[in-house]
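First comes the structure, then the notes that go with it.
Residue numbers (the numbering used here): 377 to 893.
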């Protein structure tokens, strides 16, 4: 749901003996070791994985436990909330209507949903389903009603209607802007066309034909029987049970499913049983993109490259859960990874990509990739590194901060604050949210890729008292289940969103502060 931006780099253990082509057993042993280490290192309550090679499920299992009491071991039938992976199934349901010639992707949305009336100040360009499904609509990210934070359980109709009258952020088709409100609207179109509530319409049109028997957009008794108990956390060490309320924008993020069911879906994709081949090809193609562009949003699917071959899939992040579904359609290889710790998408994505790399290496008879392990910094390392670092050319900077025994790297423009660790030859961001590129320390200068960062300041201690203009602003805002914190650091006001996203604020006037661009 959240659409987190993560830095991901390869990760595995040791290669097989020189001169010997790796076997399937070698790959599975590596994957198991990787998952076991991540569950232990990242404190994941439960993690499940499935590996698909065309019509064969090579491996599916679970690690950890479904319940907090640790009485039910996780497995391939453990149910997880998969967040934005839900969007794939909403969009597939619409594409079935396209194949049946009931819907034209490029017709104005109002043709199918007359009540849809956001304020489009770009009157020369009408909003279409193609724009909504490829995140090119220019709509706001969250609807005022039924958004990610709204625990009042509104209807999908009320959620989509709340978009009416709101101005578009960008001209339709012009830029990618991730929008849960857009996919909620797509689901509302399905609801209206099928004349049935969205969960029922989606189940009948898509989940049932795919034989996804343990999946639903509602928390049925079947779903709840093996639903993992998910955990939220904060930078300050607090952990607590994840909220369980239903989202008003269900089509964008409310699917409950298992890695077993998603493996069944993946095999159906490879066998071209989901939609016609030309339809799937369109879904796998970046929309509103230049002819040579190889990444972006297709119809629902995120499109990129891995090891020089097309990678499609989607991530999912919803209260207490993280998911990655990744496929190499040209190779008919795929992986699904789910876990029950909030925003652990760095871990699920890393396991998925490294598993695919191992599968490719095995197929080509090459040694399996090396795995990079990291460890906590020593006190001497952390004390010496706690500075602000600047790239003089780009003016980008990051801070390295100490918090008790932990060391974090934090981007100056705001975002995720990641643990900094040592891999034996370089420093890296490494926690459940991200796994960063090597940071090579040369003297007092860090080299990250082609950029060099020099130390420019030792961070100031907290002032004795906040600036007077901040006194009425510092505090907690919003819901108990998703608190917004406004705080001061280095004589500047910051916002901590969803416990994990830190952003510096810029004062516009006495009543208005702005996030970074």
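Glycine included, each C-beta is placed from N, C-alpha and C at the ideal position.
Bear in mind the structure is a predicted one, so any value in this text is a computation, not a measurement.
Practice problem: Please determine, among 877, 771, 803 and 552, the residue with the shortest C-alpha to C-alpha distance to residue 749. | Solution: It is 803.
Quiz prompt | Reduced DSSP secondary structure (H/G/I, E/B, other) of residue 779 | solution = Of the three classes helix, strand and coil, the one that applies to residue 779 here is strand, per DSSP.
Quiz prompt | Where the beta strand (DSSP E) containing residue 685 begins and where it ends | solution = In this chain, the beta strand (DSSP E) harbouring residue 685 covers 685-694.
Quiz item: According to DSSP, which residues form a beta bridge with residue 854?
Solution: In the DSSP assignment, residue 854 forms a beta bridge with 859.
Quiz item: How close, in whole Å, do the beta carbons of residue 503 and residue 484 come, if the pair is a contact with beta carbons under 8 Å?
Solution: About 7 Å; that satisfies the 8 Å criterion.
Quiz item: What residue range is occupied by the uninterrupted beta strand (DSSP E) comprising residue 804?
Solution: Where residue 804 is concerned, the enclosing beta strand (DSSP E) stretches over 803-807.
Quiz item: Rounded to a whole number of angstroms, what is the C-alpha to C-alpha distance between residue 650 and residue 825?
Solution: Just so you know, the alpha carbons of residue 650 and residue 825 end up roughly 41 Å apart.
Quiz item: Does the separation of the CB atoms of residue 605 and residue 443 fall below 7 Å?
Solution: Yes.
Exercise. Could you say if the stretch 638-646 and the stretch 705-712 meet the contact criterion of at least three C-beta pairs nearer than 8 Å?
Key: Touching, per the Cβ criterion.
Self-check item: Per-residue DSSP class, three states only, for residue 408
Solution: Here residue 408 carries a helix assignment [DSSP, helix/strand/coil].
Quiz item: Tell me the DSSP bridge mates of residue 833?
Solution: Bridge partners of residue 833: 764.
Quiz item: If you pair each beta-carbon of the stretch 760-779 with each one of the stretch 804-811, do three or more pairs fall below 8 Å?
Solution: Judged by pairs of C-beta atoms under 8 Å, the stretch 760-779 does not touch the stretch 804-811, as fewer than three such pairs exist.
Quiz prompt | Residues sharing a beta bridge with residue 608, DSSP | solution = Residue 608 pairs with 616.
Quiz item: So, residue 563 versus residue 633, is the Cβ gap smaller than 7 Å?
Solution: Not closer than 7 Å, so no.
Quiz item: In the structure shown, what three-state DSSP assignment does residue 739 receive?
Solution: Helix at residue 739.
Practice problem: Return the Cβ separation of residue 712 and residue 425 in integer angstroms, given the expectation that the two are a contact with Cβ distance under 8 Å. | Solution: Their Cβ separation, rounded to whole angstroms, is 7 Å, which keeps residue 712 and residue 425 in contact under 8 Å.
Practice problem: For residue 729, count neighbouring C-beta atoms within 10 Å of its own C-beta (all shown protein chains included) and say buried if the count is 16 or more, exposed if not. | Solution: When all chains shown are included, residue 729 counts as buried.
Quiz item: Which first and last residues belong to the alpha helix (DSSP H) in which residue 470 is found?
Solution: Segment 462-475, the alpha helix (DSSP H) holding residue 470.
Quiz item: What are the residues that DSSP puts in a beta bridge with residue 680?
Solution: According to DSSP, which records beta bridges pairwise, residue 680 is partnered with 687.
Self-check item: DSSP beta-bridge partners of residue 536
Solution: Secondary-structure assignment with DSSP links residue 536 through no beta bridge to anything.
Self-check item: Opposing strand residues paired with residue 639 [DSSP bridges]
Solution: Partner(s): none; residue 639 has no beta bridge.
Practice problem: Give the secondary structure of residue 727 by DSSP, where H, G and I count as helix, E and B as strand, and everything else as coil. | Solution: DSSP places residue 727 in helix when its eight states are reduced to three.
Quiz item: CA-CA distance, residue 447 and residue 454?
Solution: Approximately 13 Å between the Cα atoms of the pair.
Quiz item: Which whole-angstrom value is the C-beta distance of residue 493 and residue 540, which I expect to be below 8 Å?
Solution: Between residue 540 and residue 493 the Cβ distance is about 4 Å, and since that is below 8 Å, they are a contact.
Exercise. Express the C-alpha separation of residue 545 and residue 473 in angstroms, rounding to a whole number.
Key: Those two C-alpha atoms are separated by around 29 Å.
Quiz item: What is the DSSP secondary structure of residue 709, reduced to helix, strand or coil?
Solution: Reduced to three states, the DSSP call for residue 709 is strand.
Quiz item: In chain order, what residues of the same chain lie with their CB nearer than 8 Å to the CB of residue 468, ignoring the 5 residues before and after it?
Solution: Within its own chain, the residues whose Cβ lies closer than 8 Å to the Cβ of residue 468, once the five positions on either side in sequence are excluded, are 582, 650, 651, 659 and 676, listed in chain order.
Quiz item: Residues bridged to residue 784 by DSSP?
Solution: Residue pairing from DSSP places residue 784 in a beta bridge opposite 777 and 795.
Exercise. Have a look at residue 523 and residue 481 and give me their C-alpha separation to the nearest angstrom.
Key: Spanning the two alpha carbons is a distance of roughly 25 Å.
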